[in-house]
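Chains as they are written, first to last, in the working numbering: chain A, 1 to 238; chain B, 1001 to 1238; chain C, 2001 to 2238; chain D, 3001 to 3238.
Protein chains: 4
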Amino acid sequence: MSTRQSKSAKKSVNHRTRVGAERREKMRARLLESALLVFASQGVDATVVDEVISTAGVSRGTFYNYFRTNEELFSAVAAEVSNEILRIVDPLLLPLTDPAARIAVGIRLVIELARKHPPLAAFVVRGGPAAVAAGGLATEYLPRDLAAGVESGRFSTLPPRLAYDLVLGPVLAACHTVLTERVPADYGEALAQAVLQSLGVAKATARRFATQMLDVTELTADSLFERADARATSLAGE
Amino acid sequence: MSTRQSKSAKKSVNHRTRVGAERREKMRARLLESALLVFASQGVDATVVDEVISTAGVSRGTFYNYFRTNEELFSAVAAEVSNEILRIVDPLLLPLTDPAARIAVGIRLVIELARKHPPLAAFVVRGGPAAVAAGGLATEYLPRDLAAGVESGRFSTLPPRLAYDLVLGPVLAACHTVLTERVPADYGEALAQAVLQSLGVAKATARRFATQMLDVTELTADSLFERADARATSLAGE
Amino acid sequence: MSTRQSKSAKKSVNHRTRVGAERREKMRARLLESALLVFASQGVDATVVDEVISTAGVSRGTFYNYFRTNEELFSAVAAEVSNEILRIVDPLLLPLTDPAARIAVGIRLVIELARKHPPLAAFVVRGGPAAVAAGGLATEYLPRDLAAGVESGRFSTLPPRLAYDLVLGPVLAACHTVLTERVPADYGEALAQAVLQSLGVAKATARRFATQMLDVTELTADSLFERADARATSLAGE
Amino acid sequence: MSTRQSKSAKKSVNHRTRVGAERREKMRARLLESALLVFASQGVDATVVDEVISTAGVSRGTFYNYFRTNEELFSAVAAEVSNEILRIVDPLLLPLTDPAARIAVGIRLVIELARKHPPLAAFVVRGGPAAVAAGGLATEYLPRDLAAGVESGRFSTLPPRLAYDLVLGPVLAACHTVLTERVPADYGEALAQAVLQSLGVAKATARRFATQMLDVTELTADSLFERADARATSLAGE
DNA sequence: CATGAATGAGGGTTCATTCAT
DNA sequence: CATGAATGAACCCTCATTCAT
């Protein structure tokens, strides 16, 4: 009997634990979505906690059960944003081996994401370098591809950091642009082409890499970005 | 005698007025220098007034005799920075007519200024688009030259905003870079060349425009930037 | 069991809610008491927040959790004072139907309250018309009784506003007097009689109305005024 | 020759002194007018110096050449107001010997002044007791007449302070009323009559005293009040 | 774990007063 | 004596963080 009891108790504990963990995860996600929106619309240094908890509809205390400080929240959002982008971009880069192709596709995807999800664009723009530096895309994938491209002669011989600036600069500027202006549908392609040219790729080749087919439909189903968009919409509707 | 008296009185009033105006101008300049330093080191949204007044060594009240709000201060600094840059760059652009040459020189000069004056670079980086959009260089000169280059066939046919992003993006990224990394002396030239290539200029031509002789000695004598540097140095020494 | 759980949860929530509301109410009362004292001793336009919070022994933030501005605080105090006076006076006026009797009793009660509770008198005097106009006594009861008295011929035919001035003027002046001078115990009666005479009531009749028995013992047990007095005493003792 | 010289020098000094004193007096008057307006419209505890100097059109420093503190300014205005009122009222009271007549005329004159000069009324209302207590009318004339009236049997036997409240209370209330409401032309007469009744004067007698002929035309020519009115008008017109 | 009242350091702004010109 | 820039104490208000329930 003690066995059964302990079994059932264990099971119940397991169950409780699992349910609890799930609920915790959900709450955390909810707070991150709200925080993304708040950072996006108010900037990084603005009042944050009040906004986040009212956006998320939870109490102060709850918030501090998940993030101990403001900065921890920002880092968590930045990390989550980076992860999410990588999760979306990685599968599409996987089949590509030519660095030029990978960079062109990466640029186009990021621009596309920024277009589709204004809060994401706003977060990147307002968060500045810190929001970008957190993620693997800019800190691992991009340097690696740039180095490979120089190595293979695909790109001109450029100092690594210069090449980095030549890619990231235009992309961040474009995030700002898609947020504030109406731009043609092929903005990403044109930007990718120009960036490749700046890296030393001939115009025709650059065009070819930049305009290859790319299916961006349903890229972001159920991502942090979708959920943030949804939350933003529902808030605006109230 | 009454005539002489009134004359002398008038003179005295004029004198007082002129002296007063000069002192006012000096104090304003002093506050702007300090504010540039503060914005540069703490960011745009940080505590400002306290820092500025202690940097400038004046009282709280004095600050508010010159700027009524935080934003007013930021705008004033941004405007002054823009003016100062233009004052430095304009004479050197004047003799140049080819848009590619003008843009290359403009890029190199800005990078050079950023290298020489870290506070300026930091202000631009932290202030973001708003710090740049205030000035004539980015809002008038650059668009005009880009349009002229496209018109004359010197550049590819690009949407104006895209061309703008292709220039400003790398320049801002480079400002960040020169602030945080050690870069070779020809960073500006290399960047200018790459940017021209991204605009469609052939590599060899781009190199030629980007490497033409440019004397940057004594560019900034007695400018806001020099004075801010000096102030920063004296503060650090204390 | 789930039923019982949810029940108990509900109960607990209710309990928490109720306890919270009670605490909130207490804090609010405490702040109002302190504010009454501060307004009374420093005047209406004086520095308030600092004084109030140190008098109440709470933090700055707490204050702003209850009142967002100075004015909001003043209005709240004025309203509370009015309510409190009405709560005390109303039961004693209820059995009286003759306007002269009602006004005489009202005047005597107010004077008596002012005598017993210097902070109240001071608040009324320093707050001026605004402190009085907030309440039902001066804005509803008094005009109504005056109109009724004129209607019934008990009073002379006077413009409503004039009659109002003839009552309120002396009462406010008397509040000032009882605060600064020692006055005989029958000051209120004498004042009430004189006011009735100014309204046209014959001297003997006015005397009769003004001197009828009135038990003012224990009028104000546990009122805002008592608590304010107590707080003032404890502060003075420190 | 030395004699002549010294004579002429003396004369010149005298002249300069006299001219200086006159100019000083004028400036002082100008500041007092402005201050009266400011106290009237902003209250006693409001920002004062800035308002006064901009109303008077002089510099900060000049202000402090005439009044060393805020309070000194207020006292000066209150004193000047009292003097001015007395200067106007005294000649008209001079021929009257019966205390009832003197009080009735005094009340009517004050009400009339308040009607004609809203800034005066506002100053009295906002300044409170302190604004009134400064002057001879309320502190000397009134108590003396009240005592004489009681002595001679014209009034009931009342404690001095009570009688004082019975006169000053209604008058102050009426100042407030004439400032905020439209009242009939005979408001002052009616008030005076009622006040006399409250002091124990029979209705018919009170009416007689309160309605005796009184010429109030041109009472205040070139007084502080006229000048303040004029200044207020010219400011409003700008 | 959720809640929300309480905290208090921190930042912005005003304004009476001084003082060199 | 007029001027107005400079001063700094005093205030108001916010908001990240803590903690008892």
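For every residue, glycine included, the Cβ atom is placed at its ideal position computed from N, Cα and C. Please read these numbers as outputs of a predicted model, since none were measured by experiment.
>> So residue 1199 of chain B and residue 1149 of chain B are supposed to be a Cβ contact under 8 Å. How far apart are they, rounded?
In response: 7 Å
> Is residue 170 of chain A closer than 7 Å to residue 1166 of chain B when the C-beta atoms are compared?
Replying inline: yes
> Helix, strand or coil: how does DSSP classify residue 2005 of chain C here?
Replying inline: Residue placement at residue 2005 of chain C is poorly supported in this model, since its pLDDT is 44, which falls under 50; the coordinates are not used for a value here.
> By Cβ distance below 6 Å, which residues in the same chain neighbour residue 3073 of chain D in space, the five residues on each side in sequence not counted?
Replying inline: 3035 and 3067
>> Between residue 3099 of chain D and chain C, is any beta-carbon pair separated by less than 7 Å?
In response: no
>> Extract the residue ranges of the alpha helix (DSSP H) inside the stretch 1094–1133 of chain B, only unbroken runs of 4 or more that lie entirely within it.
In response: 1099–1116, 1118–1127 and 1129–1133
> Any residues in the stretch 169–189 of chain A with a beta carbon nearer than 8 Å to a beta carbon of chain B? Which ones, in chain order?
Replying inline: 169, 170, 171, 172, 173, 174, 176, 177, 181, 183, 184 and 187
>> Along the stretch 1106–1117 of chain B, where does the CB come closer than 8 Å to a CB of chain A? Name the residues.
In response: none
> Using CA coordinates, which residue listed in B:1040, B:1111 and B:1100 is at the minimum distance from residue 1204 of chain B?
Replying inline: B:1100
> What span of residues does the alpha helix (DSSP H) with residue 198 of chain A cover, start to end?
Replying inline: 187–198
>> Pop quiz: residue 3039 of chain D and residue 3123 of chain D are said to be a contact at Cβ under 8 Å. What is the actual Cβ separation, rounded to whole angstroms?
In response: 5 Å
> Which residues in chain A sit within 8 Å of residue 1075 of chain B, going by Cβ to Cβ distance?
Replying inline: Residues of chain A passing the Cβ test: none, with the nearest at roughly 17 Å.
>> Assuming residue 168 of chain A is part of the alpha helix (DSSP H), what are its boundary residues?
In response: 160–180
> On the premise that residue 195 of chain A lies in contact with residue 115 of chain A, defined as a C-beta separation below 8 Å, what is that separation, rounded to the nearest angstrom?
Replying inline: Contact flag wrong, Cβ pair sits at about 17 Å.
> Which one of B:1091, B:1118 and B:1197 has the shortest CA to CA distance from residue 1215 of chain B?
Replying inline: B:1091
> Roughly how far, in whole angstroms, is the beta-carbon of residue 3078 of chain D from the beta-carbon of residue 3131 of chain D, given that I think they are within contact range, below 8 Å?
Replying inline: 5 Å
>> At the 7 Å Cβ level, is residue 2146 of chain C part of the contact set with chain D, yes or no?
In response: no
>> I'd like the list of long-range same chain contacts for residue 2211 of chain C, defined as Cβ closer than 7 Å, with 5 residues on each side in sequence excluded.
In response: 2189
>> Taking the alpha helix (DSSP H) that residue 3209 of chain D belongs to, which residues open and close that run?
In response: 3203–3211
> Hey, does residue 1007 of chain B have any beta-carbon neighbour from chain A nearer than 7 Å?
Replying inline: Unreliable positioning characterises residue 1007 of chain B in this predicted model, as indicated by a pLDDT of 46, which lies under 50. A coordinate reading is not provided.
>> Am I right that residue 113 of chain A and residue 120 of chain A are in contact with their C-beta atoms under 8 Å? What's the rounded C-beta distance?
In response: 6 Å
>> Applying the 10 Å Cβ sphere with the 16-neighbour rule, what's the burial state of residue 3022 of chain D?
In response: exposed
> Among residues of its own chain, excluding the 5 on either side of residue 3201 of chain D, which ones have a beta-carbon nearer than 8 Å to its beta-carbon?
Replying inline: 3100, 3154, 3155 and 3209
> Taking the alpha helix (DSSP H) that residue 2061 of chain C falls in, what are its first and last residues?
Replying inline: 2060–2066
>> If you reduce the DSSP assignment to three classes, tell me which class residue 3155 of chain D lands in.
In response: coil
> Whose Cβ in chain C lies nearer than 7 Å to the Cβ of residue 3212 of chain D?
Replying inline: Within 7 Å Cβ-Cβ: nothing; residue 3212 of chain D doesn't reach chain C, min ~19 Å.
> Hey, how far is the Cα of residue 1187 of chain B from the Cα of residue 162 of chain A?
Replying inline: 8 Å
> When you compare only the Cα positions, how much space is there between residue 1133 of chain B and residue 1083 of chain B?
Replying inline: 12 Å
>> Cβ closer than 9 Å: which chain A residues qualify as neighbours of residue 1207 of chain B?
In response: In chain order: nothing, as chain A lies at least about 10 Å away.
> Taking 7 Å as the CB-CB cut-off, is residue 2092 of chain C touching chain D?
Replying inline: no
> Can you name, in chain order, every residue of its own chain whose Cβ lies under 6 Å from the Cβ of residue 33 of chain A, other than the five neighbours on each side?
Replying inline: 227, 228 and 231
> Which of the three DSSP states, helix, strand or coil, is assigned to residue 3017 of chain D?
Replying inline: helix
> For residue 2045 of chain C, which three-state DSSP category applies?
Replying inline: coil
>> If I follow the unbroken alpha helix (DSSP H) through residue 3234 of chain D, where does it start and stop?
In response: 3224–3237
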